[in-house]
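The next block holds one structure in the form of C-alpha cells; read it before the comments.
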Amino acid sequence: MAGETIRTTCPYCGVGCGVLATPQSDGSVKIAGDPDHPANFGRLCSKGSALGETLSLEGRQLRPMVDGTEVDWDTALDAVADRLQGVISQYGPDAVGLYGSGQLLTEDYYVANKLMKGFIGTANIDTNSRLCMASSVAGHKRAFGSDTVPGCYEDFEQADLLVLVGSNLAWCHPVLYQRILAAKEARPDMRIVVIDPRRTNAAEQADLHLPIANDGDVALFSGLLAHLAAANAVDGRFVEKHTTGFDTALEMAEPWTIARVAEATGLSTADVAMFFDVFAGTENVVTIFSQGVNQSVSGTDKANAIINCHLATGRIGRPGMGPFSITGQPNAMGGREVGGLANMLAAHMDFDKADIVERFWGAPNIARKQGLKAVELFAALQEKKVRAVWIMATNPVVSMPDADKAREALLGCHTVIVSDMYATTDTARCADIFLPASGWGEKAGTVTNSERRISRQRAFLAHPGDARPDWWIICEVAKRLGFGEAFAFTSPAEIFAEHAALSGFENDGTRDFDISGLVEMDYETLAPVQWPVRAGSAPVSRHFSDGGFFTPDRRARFVATQPPPPKSTAPGQVILNTGRVRDHWHTMTRTGNTPRLSGHYAEPFVEIHPSDADHLGIRGATLVQLENALGRAIVRAQVTDRQRPGTVFAPMHWTGAYSSEGRVNALVRPLTDPVSGQPGLKMSAVSLYPAKVALYGFAVSAERPDCDGADYWAAARAEGGWRTELALFEPVDDAAALAAALFGDTAGLDVLSFADAKSGRASLAGFAGPRLVFALWLSPDPVLVSRQWATAQLTETHDMPMARNAVLSGRPGADRPDPGPLVCSCFGVGANQIAALAASGEATTVDAVGAALKAGTNCGSCRTEIRRIIDAHRLQAAE
Ligand SMILES: Nc1nc2c(c(=O)[nH]1)N[C@H]1C(S)=C(S)[C@@H](COP(=O)(O)OP(=O)(O)OC[C@H]3O[C@@H](n4cnc5c(=O)[nH]c(N)nc54)[C@H](O)[C@@H]3O)O[C@H]1N2
Ligand SMILES: Nc1nc2c(c(=O)[nH]1)N[C@H]1C(S)=C(S)[C@@H](COP(=O)(O)OP(=O)(O)OC[C@H]3O[C@@H](n4cnc5c(=O)[nH]c(N)nc54)[C@H](O)[C@@H]3O)O[C@H]1N2
Ligand code: SF4
Ligand SMILES: [Mo]
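For the sequence shown, the working numbering assigns the number 424 to the initial residue and increments by one for each residue that follows.
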C-alpha cells in the first residue's frame, strides 16, 4: 500500500538536504528533494536522488551474531555486557574503547558518549570525525574559544568572493555547489577561487585555480595575512576591540613575501599576487575549507592561518563573509555537540567542566581526562592496552590510515563488537559480536548539518528482522552493565530532550552550544532549526560579527603559524593524495549496491600526470601497483594533466568487498597533526610500478562472478547484473575453463567463443534464450570494449545471430551505438551521446544538452562534465 510522504534528511553529506520519502504500493520508495528545507530547497544530488535504490534488504544481516552464530538479542546483549565487564573488571575502564561515527544520529551518539564517559568511566570514545573534522574543531577552539562555525549557507550566495581550500565542493557537497553556481549566474561578478593541488571539478568552474603543492596552505595564508597588513586591508577597529595576538601572528607571517610563498607552494608569483589582491580588495569573502585543510599534519595550523585572515579583516559573522569549515558526514556536527570526540566531554564542554556534566548525569564514574584519539586507539588495540572495542557505523579497516595494521589490531583483539547494517564489510568480518543496526529510513532521530542546522530524520520503513536502532542497542547494554536508571529511554525524543537540557545546564551564555529552547518543543514536528536556540530567544544564524567569542576575555585569538618544512620524497617516489568521487559514499556499503551510482567510476584508479606516467613507464588504462613500507594496492592508471606532477590521486572508496587490492589506505601513513590528532591522509610517499599483467579481462554477467582465481579484480553493480574488471599475471590457455571458474557451470547455456592466437585475444559469451548470462573479453592489452555498451547488453535481448556476434566481438552494431562512459547517472547518459550532439552543432550549451537528452537536468552534479565535453568539441572545431 502506498504510504504518506515523510519529511526526512539525507543520510550522506553534511549539506543536510531535506528529503521527501513516499513509500509506493510496489514496495519501492519515491524520493524527492524537500522544497521547504533551507539546505536544499528541493534539490538533491546524484547520491540523494538514488536513495530509494539503497533500501533493498539484499546483503543485510538481520540477526545478531556471536562468534559466527546467529543468536537472539538477549544472548547478544548479554554477551556484549559480559565481555565488556570482564575486561573492565580485570584491566579497568580504560581497557575498553568505542569507535563511533558522524553517521550516527545525535541520539545514538549522545547515549554512546554518556555510557562511556559518565558510566563506564573512560574517555576512550572517539569517532571517524577524528579523520574528518578534528583539525577544524581544534582550529575553531584555538581562535574562538569554542567549536563554532560562524556563518550559514546563505553567506555563500551573498559573497562576492568564494575561496575553496582543499574542497571539491562540486562532487562532495554538490547541492551547495549548485546553489553557488546559481548565485553566480545571477551575479556574474561573483568570483570563485579554488586552492587544490588537483584541477578538480570544482576548480574547473572557478575564475582562478591555484594548483598548490600539497601542504602549501599555511605558507599561502601566512603570506596573505602579511599582504593584508601591507595593503591596509586590516580592520583595525575589529582587531583592537575583539582580538588578541595580532602583532605576534603578523610578525610570524611577514617573512612570507609573494616570492617566498610562490616558492613554497609551487604557484606562480602572478597567481599568488592575483589571489592576494582580490582577497584584500573584496569585503564579502567566504573561505570554505575541507579535507585538503583538515587531513594534514599541519591541519590545525591551516585552519588557523585561514581564520587569521578573516579576523584581521573583521570579515566574520556578517552576511556574505566568514571562514566556513564544511562538514563531511550528515551528523559530523551533531557528534561534536554530544562530545563524540575523546578530547571533549558533552555539549561542547571540556574536561574542566566535568563537575557540571557529572551533576547533570548523576554520573558514578565521570571521565576527567581525555581518552585515546582514533589513531592512538588503534595503536593501543595493537599493543593490547585496549582489549575490547565497540565499532559503530564506521568501517576502519578501509578508512583508517595504515589500514592493514588496523585490521591486524582488530584480528588480534580480545573482543571486537561491530554495529552495522552489513556483516560483510571489511571491518564486520573482524567482529566477534555483530549487532544488526537499523539503517536510514528505518530509524529516527536528528542530525546537524554544516551550518549548525538541526533536522529530523524520520522513519518510513519498519525495522527489518531483528535490526534495531543504535540508541536502543546502547541503552540495552547499559542496562546490563547496571546503569538502567540513567538509560531508561524509550524513544529518541526523550534522549534529545535530555541532550537539549544538558546544553543549557549551568550555561548562562558561557558556552556556544545551547539548545535549551528545544527542550519543550514537539519532537515529531520539529522543523529544521539552527543553533543556538537559547530558552526564550530566537535561533542565531551568525556569530561573532560583534565579538563575543567564548574565550575567558571574550576576544578571539590570532594563532601565529609556521609553515611545515617542505616534504621531500625518496627518489622514484611520488605523493599519494586521496579523496572522493562524485557518486560513491566512502566504503560503498550503500552506494555500491546501486547500479546507478556504480557506473560513473566502476573501478579503483590512480590519476597520474602524463610526465610522471612517461617517466615511470605507465600507460593509461593499464594496471599500476602502488607500494610503500606499509602496504600495497593495485588500481587502474588514469593519465591526466589535472594532476600536479609528482603527486597522484586515488579514491578512498574501494574495499575488499569490491576489489582485490583497491584499499589505498593500506599505504596511508598514520602520522597525525600534533594539536588535533587528525591523520594526514592526503600525503603519503609511494612508489608506482606497472603491474605485470599477462592477460586483461572484462566481463559482464547476470550473477556476481567468483573472482578468487584472478590476480586482480574489481566488481561493480550494473543494471541487470555485474561488470567486472580482471587481470591475470600468468597467461591462460583455456579461456573456457576461466569462464567456468568465474561464472560457474556453463553447460545449459549457448556459449559462443572466439580466439585469435596471433593477437592473444579471446572472448566468450553465454546466452540463456535471448538473454545474455555472461560475456568475457580477454586481451594481453587493456580490453578495448565500451563498458557502457557491454553492460547494456545484459538488459537487451539477443535473438539474432548478428546481435550475439556483436557481443562476442565487443563491437557495438549500428543499431545499438555505444553511449560512452557514463556522465549523467540520473538519466544514464554517456559521453559519446553528449559529444555527438556537440559535434553535430545541435547543442552548444549545457542546457541544450539537457533539453535534448535530459542529462544534467535532475541533480546537476554532472553539469561540469557536460561542459567539459562541449568545450572539448569547441576546441576541436576551432583547430
Ligand atoms: N561524493 C561524495 N561526497 C562526499 C563524501 C563521499 O564519500 N562521496 N564524503 C563526505 C565526507 S565525510 C567528507 S569529509 C567530505 C570531504 O569533502 P572534500 O574535502 O571536498 O573531499 P576530498 O576529495 O576528500 O578532498 C578535497 C580536496 O582536497 C585536496 N587536497 C589534498 N591535499 C591538499 C592540500 O595540501 N591543500 C589543499 N588546499 N588541498 C588539498 C584534494 O586534492 C581534494 O580535491 O565529503 C563529503 N561528501
Ligand atoms: N585515505 C583517506 N582515508 C579517509 C579519508 C580520505 O579522504 N582519505 N576520509 C576520512 C573521512 S573524512 C571519513 S568521514 C571516513 C569515512 O569512513 P567510514 O566511516 O569508515 O566509511 P563509511 O563507509 O561511511 O562507513 C560507515 C559504516 O556504517 C554503516 N552504517 C550506516 N548507517 C548506519 C547506522 O545508522 N548505524 C550503524 N551501526 N551503522 C551504519 C555503513 O554500512 C558503513 O559500514 O574516512 C576517512 N578516511
Ligand atoms: S548534497 Fe547530496 S549527498 Fe549531500 S545531503 Fe544533499 S542530497 Fe545528500
Ligand atoms: Mo568525513
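Here a beta-carbon is modelled for each residue, glycine too, at the ideal position from N, C-alpha and C.
Run through DSSP, which three-state label would residue i get?
i: I1293; result: helix
i: S1107; result: strand
i: C665; result: With the sequence shown as reference, residue 665 is identified as His, and Cys is not the correct amino acid for it. Correct three-state label for H665: helix.
i: P915; result: helix
i: K453; result: strand
i: V1246; result: strand
i: M424; result: Low confidence applies here, because M424 scores a pLDDT of 48, under 50, leaving its location unreliable; read the following figure in that light. M424: coil per DSSP, three-state reduction.
i: L1207; result: coil
i: G1233; result: coil
i: W1145; result: strand
i: L1046; result: strand
Based on the DSSP secondary-structure assignment, which residues constitute the bridge partners of residue i?
i: Y522; result: D549 and I814
i: A1150; result: Y1119 and Y1135
i: M488; result: E493 and F857
i: E476; result: According to DSSP, which records beta bridges pairwise, E476 is partnered with nothing at all.
i: Q513; result: Q513 pairs with nothing; no bridge assigned.
i: W784; result: The partner list for W784 (beta bridge, DSSP) is empty, contrary to what the question assumes.
i: A1052; result: According to DSSP, which records beta bridges pairwise, A1052 is partnered with nothing at all.
i: T680; result: According to DSSP, T680 bridges with nothing at all.
In the DSSP assignment, find the unbroken alpha helix (DSSP H) run with residue i in it and report its ends.
i: L604; result: P597 to A609
i: V997; result: No alpha helix (DSSP H) holds V997; the beta strand (DSSP E) holding it covers Q996 to G1002.
i: H563; result: A557 to F567
i: K470; result: S469 to S472
i: H1038; result: P1033 to L1039
i: S1021; result: P1018 to S1021
i: I877; result: No alpha helix (DSSP H) contains I877, which is instead part of the beta strand (DSSP E) from R876 to Q880.
i: Q1320; result: Because residue 1320 is not part of the residues shown, which for the chain are 424 to 1302, the question remains open.
i: S822; result: P819 to S822
Note down the Cα distance separating residue i from residue j, rounded to an integer number of angstroms.
i: S861; j: L527; result: 11 Å
i: M424; j: T1045; result: Confidence at M424 is low in this model, with a pLDDT of 48, below 50, so the placement of that residue is unreliable and no value is reported for it.
i: S964; j: Q513; result: 49 Å
i: A606; j: A1139; result: 37 Å
i: Y533; j: G762; result: 8 Å
i: D855; j: V809; result: 15 Å
i: I615; j: N707; result: 12 Å
i: W895; j: K866; result: 10 Å
i: A826; j: L833; result: 11 Å
i: D1179; j: A1133; result: 22 Å
i: K902; j: T913; result: 13 Å
i: A726; j: A561; result: 9 Å
i: A923; j: Q1256; result: 53 Å
i: L642; j: V709; result: Rather than Leu, the amino acid found at residue 642 in this sequence is Ala. Cα-Cα distance, rounded: 19 Å.
i: A462; j: L592; result: 15 Å
According to the Cβ coordinates, are residue i and residue j closer than 8 Å?
i: T529; j: E674; result: no
i: G646; j: T692; result: no
i: V720; j: P987; result: yes
i: A499; j: V489; result: yes
i: G868; j: D531; result: yes
i: P1027; j: D1064; result: no
i: V1004; j: W594; result: yes
i: T750; j: G437; result: yes
i: T688; j: I635; result: yes
i: F1121; j: W1200; result: yes
i: A473; j: T1017; result: yes
Examine chain C for any beta-carbon lying closer than 8 Å to the beta-carbon of residue i, and answer yes or no.
i: V1109; result: Absent from the structure is chain C; it holds one protein chain and no more.
Kindly indicate the opening and closing residues of the beta strand (DSSP E) around residue i.
i: W1200; result: R1194 to S1202
i: A1162; result: Careful: A1162 lies outside any beta strand (DSSP E), inside the alpha helix (DSSP H) at A1158 to F1166.
i: S748; result: G745 to S748
i: V1058; result: R1055 to V1062
i: G441; result: G441 to P446
i: F1190; result: R1184 to A1191
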